[in-house]
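**Q** Here the numbering used here = 1-based position in the sequence shown + 12. Glycine residues also receive a C-beta, built at the ideal position from the N, C-alpha and C atoms. Bear in mind that the values here come from a model prediction, so they are computed numbers and not experimental data. Please find one structure pasted underneath; my questions will follow.
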Amino acid sequence: APLCMGLLRQMTGSKPGLLELAEVDPILARSLQWMLENDITDVIDETFTIMVEEFGTHQVVELCECGADREVTEANKEKYVQAVVDWHFTGAVREQLRAFLDGVWEVIPCRDLE
């Protein structure tokens with residue numbers, strides 16, 4: 013099976029975006045795209061957190077320092093969207109991603125993948 017574009021972008025030192033997120037979670041990507049394309053004032057009530065399920069329990073993960081206290085607004089929604097994308101491609105699988113990339117870069121240096 014081919015590697016997803018988000019992983020390929022990380023292998024070359026690039027940052028995945030909404031296009032790459034759409035490949036692995038199209039519903040979330042569409043929701044985030046809607047947020048970017050529309051005025052969210054008085055529509056979205058979010059903070060810089062996401063809810064994750066681990067071993068049958070739900071946990072709140074802050075996407076930035078004091079994320080639970082930081083409201084998503086029209087002015088900062090781009091930062092929120094990028095923080096969600098970053099978390100899905102790095103934070104959620106940080107240890108696994110680091111091990112994978114270290115193995116790939118041991119065989120093929122990152123500079124040769126660009």
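#1: If you follow the alpha helix (DSSP H) that I39 is in, where does it begin and where does it stop?
#2: Can you tell me the Cβ-Cβ gap for L33 and E90, rounded? I've got them flagged as a contact below 8 Å.
#3: Leaving out five residues before and five after I62 in sequence, what residues of the same chain have Cβ atoms less than 8 Å from its Cβ?
#4: Provide the residue(s) that pair with I52 in DSSP beta bridges, ordered along the chain.
#5: Leaving out the 5 sequence neighbours to the left and right, which residues in its chain are closer than 7 Å to L85 when beta-carbon positions are compared?
#6: Which same chain residues, not among the five before or five after D54, have their C-beta less than 8 Å away from its C-beta?
**A** Walking through what the data contain:
#1: Residue mapping note: residue 39 aligns to position 27 of the sequence shown, counting from 1. That run of the alpha helix (DSSP H) goes 38-49.
#2: For the purposes of this step, residue 33 is taken as the residue at position 21 of the sequence shown. For the purposes of this step, residue 90 is taken as the residue at position 78 of the sequence shown. Between E90 and L33 the Cβ distance is about 14 Å, and since that is not below 8 Å, they are no contact.
#3: Residue 62 sits at position 50 when you count from the first residue of the sequence shown. Within its own chain, the residues whose Cβ lies closer than 8 Å to the Cβ of I62, once the five positions on either side in sequence are excluded, are V72, V73, L75, V96, W99, listed in chain order.
#4: Taking the first residue of the sequence shown as position 1, residue 52 is located at position 40. Answer is none; I52 lacks a bridge partner.
#5: Taking the sequence shown and counting its residues from 1, the one referred to as residue 85 is at position 73. Looking at the sequence shown, residue 85 is not Leu but Thr. Correct list: empty, nothing qualifies.
#6: For the purposes of this step, residue 54 is taken as the residue at position 42 of the sequence shown. If we look at D54 and ignore the five residues flanking it on each side, it has no Cβ neighbours.
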